Every structure is written in C-alpha cells, then in structure tokens.
Amino acid sequence: MPAYKLTYFNARGRAEPIRLLFAAAGIKYEDVRIEGADWPALKPKTPMGHLPILEVDGATLCESTAIARFVAKRAGMVGKDDLEEAKADMIVDGVKEVFRKLLTMFFEKDESKKEELKKDVFEKTLPECLRSFGKLANPSGYFVGDSLSWADVEFYNLMEMVRPSFPGDLLKDNANLAKVIANVGGNPAIAKWIKERPESAF
Amino acid sequence: MAQKYRLTYFNLRARAEPTRLVFAAAGVEYEDVRIQRDKWPDLKPNTPMGQLPVLEVGGVTLCQSMAIARYVAKETGLAGKTKLEEAQADMLVDGIDDLRGRQAVIRKASEDRKEECKKELADFAPDFLSKYENLCGPHGHLVGDSLTWADLVFYDVMSKVLVVLPGALDGFPKLAKVMDTVTANEGVATWLAKRPDTPH
Chain A
28 MPAYKLTYFN ARGRAEPIRL LFAAAGIKYE DVRIEGADWP ALKPKTPMGH
78 LPILEVDGAT LCESTAIARF VAKRAGMVGK DDLEEAKADM IVDGVKEVFR
128 KLLTMFFEKD ESKKEELKKD VFEKTLPECL RSFGKLANPS GYFVGDSLSW
178 ADVEFYNLME MVRPSFPGDL LKDNANLAKV IANVGGNPAI AKWIKERPES
228 AF
Chain B
-1 MAQKYRLTYF NLRARAEPTR LVFAAAGVEY EDVRIQRDKW PDLKPNTPMG
49 QLPVLEVGGV TLCQSMAIAR YVAKETGLAG KTKLEEAQAD MLVDGIDDLR
99 GRQAVIRKAS EDRKEECKKE LADFAPDFLS KYENLCGPHG HLVGDSLTWA
149 DLVFYDVMSK VLVVLPGALD GFPKLAKVMD TVTANEGVAT WLAKRPDTPH
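If you read the sequences in order, they're chains A and B. Residue numbering for the first sequence follows the numbering used here, starting at 28 and increasing by one per position. Residue numbering for the second sequence follows the numbering used here, starting at -1 and increasing by one per position.
Below, the structure is given as structure tokens:
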C-alpha cells in the first residue's frame, strides 16, 4: 500500500503539480478524487478546511505548495543546496502569483469586469512574468541547476492552465522557457501521466 | 567588511519583517537596507521579478518574501527538524495569509469601508484561529518543540490582528503561548525594542 494518500476533487486544479511530481519521481501514491457532494462531510476533518491534503507518515499536510515542496524534496527535485532550493521557491511563488490572477479572472461573474481582468492578464501580467522568468531559466531549460526541479514542473502546469484562455505561442520569443516546457513535457514519466490521467474540466 | 546577507526593502515592516524576525531570533547579522520610494523606479528593473524585498547572498539575488524567509530560516536552523516538520511549518505559513490579507485590507480601505473590513476580520478570525489552535503543538511552538519561522510569521501577523481585535486569542491558550515564546526570545525582544518605527 502506498505511503502517500492525496485527496482532492476530480480536477487538475491545485493538485496537478503534486501529481506531476509523483509521476516524474516514479513515487506510488493513492490519487483520491472526491465528489463535490462528499466534501461537506470531509471538510471539518481537514487541517484548514480545504483541499488538497496529503496523508503521509501519520500526518496530514495541507496547502498545495507546501505539499508539492515536500513531495519534491522526497523526489530529490528541489535543488542541491539551500540557495538552489530558495531559487526554486521564488520561481514557484512567482508562478502562484500569476495562478491567483488567473483564478480571479476565471471566477469573475461580471462579464465586463472579466474582460478587463483578461486584458490585464494578457497585456501586463503574462508578458511581465514571462520576461522575468525567461531570464531566470537557463538556456538548457531549467530554473535550477541542470536537471528537472519542481520549479520547472510548476511553470509547465501554469502554462497548461493559461493556454485555454490565451492560445497562441506565448513563448515564441522566449527560448529558455520554451525549453523548460519541452523538458517537462518530454519527460517520459510525465508524458505518460498526462496521456493516462483522468479527464477533467479544469 | 561586507555582510554575507543583504536584505533590501522599503522602510516598512510589511513583507520584509518575517525575514528580519528570523535573523533577529537566530542572532545572525545582515545588512538591513531600506530604500526611499523615489529610488525604487531605478532599482526595479534590476530585481528578479520587479518587486521587493530581495536578498543578496553568495552572488545571487533572491526575491519573494516567503522564499527569502524560508531560506534564512534554513540557514539559521529555524525551518524545522525533519522534512515533515518543514512541511508543517510551510503549510502554517501559507495558511496564515488568509488572516493577514483580511487585516491588511483594513489599512488600505476607504474611511467608509474600514468598519466593514474590521467586522469581516472579526467574523473570520475565530474559526480560523480555532483551526490553528488544533494544529498548534503544546510546547509554545506551532511545530515541534523548538522555535521555527512559522512561530515568527504567526507572531508578525497576529500582533497586527490583536491591534484590531484585542481579544482574538482568548480561548486559544496554545496560540497565546506561541506569542509569549516569541516575545521572550532574546534576539526578538532586542529587535522589537530597537527596530525603526514605521507606519506598517
């Protein structure tokens, strides 16, 4: 029986980076997906009332980024020293900032405000982020050192989320970042997971 | 002699203060650079993501306040004793942002919205803090049995919440004990007494 039990909804959402990391590292885990109707009963049993949670070694972790970092450490995908780990952390924090703006845009109900937010993401947030990130990734297509880290995986996941709303080649003038995407997508274990994972709306 | 660590921010507590508290608790020296607002436009393009704070160390410039605080915590032995403890500290630090946000918005709110924002914080805090009380260890530390940066981040946020809601920790003795443990730390106490007085 796997030592890890991940619980989330049947969605990629906040859990997908964690699943991608388990796949890349070849670590077996229980990928539990609950129905919306089952959530109210489970909610009070979670540490902070939200998902995903990871049960491991008798403890229950929450907060998707904290969980992903923990799994990345177990997988040896955080960087080789404290400074590299910090570089990975800062990239992931930058990714999450864009992620939050995307979520605000997705969940905006007022149509004209939604269009305004979308314009802001497309004209300001994304170009600025991709420009900064392009300088922080190296020409081999890694944010940290010279091998795949969770920073690369989180960036890849972000671009997967961005693409449906902003199609087109956002990375056409950004060789380093295009290489990051190629490295992550071309990782055989990740490619296999992406092919086989359950379908979900988001 | 140049310091090993150079932290740059505005002359505020805000997003740099968790890192300053970690340095203080650990008794580790660093250059605490505070820039004037008018210097920011020139500095901004030279930062990794166009934001402050940044930490310069070993020829590298780090950004993102929590990445910096976690790094300094690791360097000073205040991140947690095992990978699991580190993760527990991380999750508590991430989670506190919900409380921090609801407190921060009061300061930025227009006069006619301030009371509403205070009420929103007052409605939110009890349930939130009861979850943290459940997760908190019994030793006066959120995680494990010694100081971690999670205690310091909690102190930083909670001290601001207590200004608005003085009774917020009533009924949460383990969390109140964390606050006492933090302020009793010699390095923290010294820092709190001498740190520059800033609006926030």
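Quick reminder that beta carbons are idealized off the backbone N, C-alpha and C, glycines included. Note that the structure is a prediction, hence the values are computed from the model and not measured.
Quiz item: Expressed to the nearest angstrom, what Euclidean distance is found between the alpha-carbon atoms of HIS139(B) and ALA99(A)?
Solution: 26 angstroms
Quiz item: Ordered along the chain, which non-local residues of its own chain (more than five positions away) have a Cβ less than 6 angstroms from that of ILE94(A)?
Solution: ILE45, LEU81 and LEU88
Practice problem: Mark GLU84(B) as exposed unless 16 or more other C-beta atoms lie within 10 angstroms of its C-beta, in which case mark it buried. | Solution: By the neighbour-count rule (16 or more Cβ atoms within 10 Å), GLU84(B) is buried.
Quiz item: Run through DSSP, which three-state label would VAL105(A) get?
Solution: coil
Practice problem: Would you grab the beta carbon distance between PRO166(A) and ASN203(A) for me? Rounded to a whole angstrom, and I think it's under 8 angstroms. | Solution: 6 angstroms
Quiz item: How would you list, in chain order, the residues of chain A whose beta-carbon sits under 7 angstroms from the beta-carbon of ASP40(B)?
Solution: Ordered by position in chain A, no residue passes the 7 angstroms Cβ test against ASP40(B), which lies about 17 angstroms from the chain.
Quiz item: What distance in whole Å lies between the Cβ atoms of GLN101(B) and LEU82(B), which are believed to be in contact at a cut-off of 8 angstroms?
Solution: About 29 angstroms; that fails the 8 angstroms criterion.
Quiz item: Which of the three DSSP states, helix, strand or coil, is assigned to ASP168(B)?
Solution: coil
Quiz item: Does DSSP classify LYS199(A) as helix, strand or coil?
Solution: Look at LYS199(A) here: in three-state DSSP terms it is coil, with no helix or strand label.
Quiz prompt | Any 3 or more C-beta pairs closer than 8 angstroms across the stretch 114 to 132 of chain A and the stretch 158 to 178 of chain A | solution = yes
Self-check item: Proximal residues, the stretch 92 to 109 of chain A versus chain B, C-beta separation under 8 angstroms
Solution: THR92, ALA93, ILE94, ARG96, PHE97, LYS100, ARG101 and ASP109
Exercise. Please classify ALA30(A): is it buried, with 16 or more other beta-carbons within 10 angstroms of its beta-carbon, or exposed?
Key: Flag for ALA30(A) reads exposed.
Practice problem: Use the C-beta contact count for GLY78(B): other C-beta atoms within 10 angstroms, 16 or more gives buried, fewer gives exposed. | Solution: buried
Quiz prompt | Buried versus exposed call for TRP147(B) [16 or more other C-beta atoms within 10 Å across all chains shown] | solution = buried
Practice problem: Look at ALA174(B) and ALA123(B) and say whether their C-beta atoms are less than 8 angstroms apart. | Solution: no
Quiz prompt | Which listed residue (ASN184(A), SER227(A), VAL105(A) and LEU197(A)) has its alpha carbon closest to that of ILE217(A) | solution = ASN184(A)
Quiz item: How many angstroms separate the CA atom of LEU145(B) from the CA atom of VAL148(A)?
Solution: 40 angstroms
Quiz prompt | Between the CA atoms of GLU90(A) and ALA51(A) - distance to the nearest angstrom | solution = 21 angstroms
Quiz item: Under a three-way DSSP split, which group does LEU173(B) fall into?
Solution: helix
Self-check item: Interface flag, ASP143(B) vs chain A, CB-CB below 8 angstroms
Solution: No, ASP143(B) does not count as interfacial toward chain A.
Quiz item: What are the start and end residues of the beta strand (DSSP E) that includes ASP12(A)?
Solution: Not covered by the structure: residue 12(A). The range shown for chain A is 28 to 229.
Self-check item: Contacts that GLY199(B) makes with chain A (C-beta to C-beta distance below 8 angstroms)
Solution: Any property of residue 199(B) remains undetermined from this structure, which presents chain B solely from -1 to 198.
Quiz item: For ALA203(B), which of MET156(B), ASP40(B), GLU27(B) and GLU73(B) has the nearest alpha-carbon?
Solution: The question about residue 203(B) has no answer, for chain B in this structure spans -1 to 198.
Quiz item: Nearest-angstrom Cα distance between THR131(A) and LYS145(A)?
Solution: 10 angstroms
Quiz prompt | Where the beta strand (DSSP E) containing ASP173(A) begins and where it ends | solution = Unbroken run through ASP173(A): none, as it is neither H nor E.
Quiz item: Taking 8 angstroms as the CB-CB limit, is MET117(A) close to chain B?
Solution: yes
Quiz item: Should the stretch 51 to 70 of chain B be regarded as contacting the stretch 3 to 22 of chain B, the criterion being three or more beta carbon pairs within less than 8 angstroms?
Solution: The answer is yes - the stretch 3 to 22 of chain B touches the stretch 51 to 70 of chain B, with three or more Cβ pairs under 8 angstroms.
Quiz item: For the stretch 15 to 101 of chain B, which segments carrying the alpha helix (DSSP H) assignment without a break, of at least 4 residues, lie completely within its bounds, in sequence order?
Solution: Correct list: 15 to 24, 38 to 41, 63 to 73 and 81 to 93.
Self-check item: Stretch pair the stretch 170 to 188 of chain B + the stretch 29 to 47 of chain B: three plus CB contacts closer than 8 angstroms
Solution: no
Quiz item: Using a Cβ cut-off of 8 angstroms, which residues of the stretch 79 to 91 of chain A contact any Cβ in chain B, in chain order?
Solution: VAL83, ASP84, ALA86, LEU88, CYS89 and GLU90
Quiz prompt | Among PHE170(B), VAL26(B) and THR196(B), nearest to GLU131(B) - alpha-carbon criterion | solution = PHE170(B)
Quiz item: Going along the chain, which residues of the stretch 148 to 172 of chain B sit with their C-beta nearer than 9 angstroms to a C-beta in chain A?
Solution: None of the residues of the stretch 148 to 172 of chain B has a beta carbon lying less than 9 angstroms from any beta carbon of chain A.
Quiz item: Since GLY172(A) and GLY106(A) are thought to touch, with beta carbons under 8 angstroms apart, how far apart are those beta carbons, to the nearest angstrom?
Solution: 6 angstroms
Self-check item: CB contact flag (ASP92(B), THR92(A), <8 angstroms)
Solution: Contact flag set, yes.
Quiz prompt | Beta bridge counterpart(s) of TYR130(B) as assigned by DSSP | solution = Beta-bridge pairing links TYR130(B) to no other residue.
Quiz prompt | Close-in-space but distant-in-sequence residues of the same chain around PHE220(A) (CB under 6 angstroms, 5 per side omitted) | solution = It should be pointed out that residue 220(A) corresponds to Trp in this sequence rather than to Phe. Shown here for TRP220(A): same chain residues with a beta carbon closer than 6 angstroms to its own, the five before and five after excluded, namely ALA50 in chain order.
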